[in-house]
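Chemist: What follows is a structure written as structure tokens; I'll ask about it next.
Residue numbers (this note's numbering): 29 to 97.
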């Protein structure tokens, strides 16, 4: 089964909190049909390696997404 992978683009100058950028980009991928409910997101480690952000930031974003359903 082909797994959709979200590639997060973090804009450190946007003024938007990094974790919110991850949340917003995930929600947009869902709206655009790039992700479907139930698809697996990249692991926190994969996101950290791709974006060089703090693992706790990724986990905070994932908790927020889980809370929102």
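From the three backbone atoms N, C-alpha and C, an ideal C-beta is built for every residue, glycine too.
If we count the other Cβ atoms within 10 Å of its Cβ and call it buried at 16 or more, is residue 75 buried or exposed?
Modeler: buried
Chemist: Which one of 34, 46, 42 has the shortest CA to CA distance from residue 80?
Modeler: Nearest option by C-alpha distance: 46.
Chemist: Using only alpha-carbon positions, find the residue among 78, 69, 64 that is nearest to residue 91.
Modeler: 69
Chemist: Could you work out which residue in 93, 82, 42, 86 is closest to residue 66 when comparing CA atoms only?
Modeler: 93
Chemist: Which same chain residues end up closer than 8 Å to residue 44 when comparing Cβ atoms and leaving out the 5 residues on each side of it in sequence?
Modeler: 52
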